[in-house]
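All residue numbers for the sequence shown refer to my numbering, where the first residue is 5 and numbers rise by one.
Glycine is no exception: its CB is placed at the ideal position from the N, C-alpha and C atoms.
This report refers to the structure that appears directly beneath it.
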Amino acid sequence: MGQISDFLDREFRHFNAAALVDAARAYRDHLAAGGKMLLALGGAMSTAELGISLAEMIRQDKVHAISCTGANLEEDLFNLVAHDSYVRVPHYRELSATDEEALYRRHLNRVTDTCIPEEEAMRRIEAAVLEEWIRADQQGERLFPHEFLWNVLRSGRLHPSFQIDPKDSWLLAAMEKEVFLIVPGWEDSTLGNMYAGHCLRGKIRDPRTVRGGIEYMMQLAKFYQQTTARHSLGFFQIGGGIAGDFPICVVPMLHQDMQEENVPCWGYFCQISDSTTSYGSYSGAAPNEKITWGKLASSTPKFVIESDATIVAPLLFACVLGR
């Protein structure tokens, strides 16, 4: 193992630190036994530049499927083409409403300490993907949200605009490795809003040109059945929300609603979260609660790391990678 792993083994011995190490070891064991892993990506992890470590996890076959929010899907691409125009605001806690209005007038959309530049990031990607939307609409072709972005990347039209090392883009890595990808609730994203606007203005005639969540679930059901026929499939969740809530339900859907027999539960579960269970937060539900829904088994290795994913995830990934 590498220096980071050695450091974690020596220093991270109790509480959330120990949970991180235990989860990483179990992750490695799961893969070593022939298992596969689905990553659920919530929060604003792409803007936090998780791609630096996640892309390598994908390239080294440590992640085999991804469920992400529409924001994480597009924000990895925004960062790829507009990184140099991002504005960091380290004193964001001290901003007044007037300060926020000044950022708005500069077309800087703030995510905690980082502002995404509208023109350089969002509008640049909108122009590229709109061509794909219109082409598909005119040809009667229907694709998933991520497939449109992959088409834009494959076309090469954005290559001159790359402002980070392409190796640090998890979306590029996922495309190159053909990772199974779903984006539940894509409509709740900047590109989703743009797409709705173009449909309302008549530039896109059929709103169904972009395939939606039910079809994503159908694809996930097929992927789950095909994968678990030969491998145990684990579930690694960063944050909460629909990115995690949507895919984990495929197991009870297959068993209870499809009446399929012998549907295996998820073979590993870990969540990095700051949600509080006592508030009735589904995203913060303890793993054992998922047993009652038929998602996990009593024997499933289960871990919860109650901490900041921007700190924890890169450390855990480094441990899984043996760094």
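Rounded straight-line distance, which links the Cα of residue 103 to that of residue 26 = 43 Å
Alpha-carbon to alpha-carbon, residue 78 and residue 195 = 7 Å
key: residue 90 vs residue 120 beta-carbon contact at 9 Å   = yes
key: Cutoff 7 Å; reference residue 157; Cβ partners in own chain excluding five residues on either side   = Residues 176 and 179 of the same chain have their beta carbon placed closer than 7 Å to that of residue 157, with the five preceding and five following residues left out of the count.
ask   = Taking buried to mean at least 16 other C-beta atoms within 10 Å of its own C-beta, is residue 307 buried or exposed?
value = That one is buried.
ask   = Who does residue 118 pair with in a DSSP beta bridge?
value = 92 and 115
query = Three or more beta-carbon pairs under 8 Å between the stretch 210–217 and the stretch 22–38, yes or no?
reply = no
key: Reference residue 111; option with closest CA among 99, 127, 100 and 97   = 127
key: Identity of the residues DSSP links to residue 274 by a beta bridge   = 240 and 307
message = Give me the DSSP bridge partner(s) of residue 45.
response = 72 and 242
Assigned exposure category for residue 34 - 16 Cβ within 10 Å defines buried = buried
task = Report the rounded CA-to-CA distance for residue 312 versus residue 232, giving the unit in angstroms.
result = 31 Å
message = Just to confirm before moving on: does the CB-CB distance between residue 84 and residue 168 stay below 9 Å?
response = yes
query = When we look at the beta-carbon of residue 3 and count the other beta-carbons within 10 Å, is it buried (16 or more) or exposed?
reply = Here the chain covers residues 5 to 327 and nothing more, so residue 3 does not appear.
ask   = Quick one: Cα of residue 254 to Cα of residue 224, how far?
value = 7 Å
ask   = So which of 48, 117 and 62 has the shortest CA-CA distance to residue 330?
value = Not covered by the structure: residue 330. The range shown for the chain is 5 to 327.
ask   = Excluding five sequence neighbours on each side, which residues of the same chain lie with their C-beta closer than 7 Å to the C-beta of residue 235?
value = 38, 39 and 40
message = Taking 6 Å as the limit between beta carbons, can you name the residues of its chain near residue 327, skipping five residues before and five after?
response = 6 and 8
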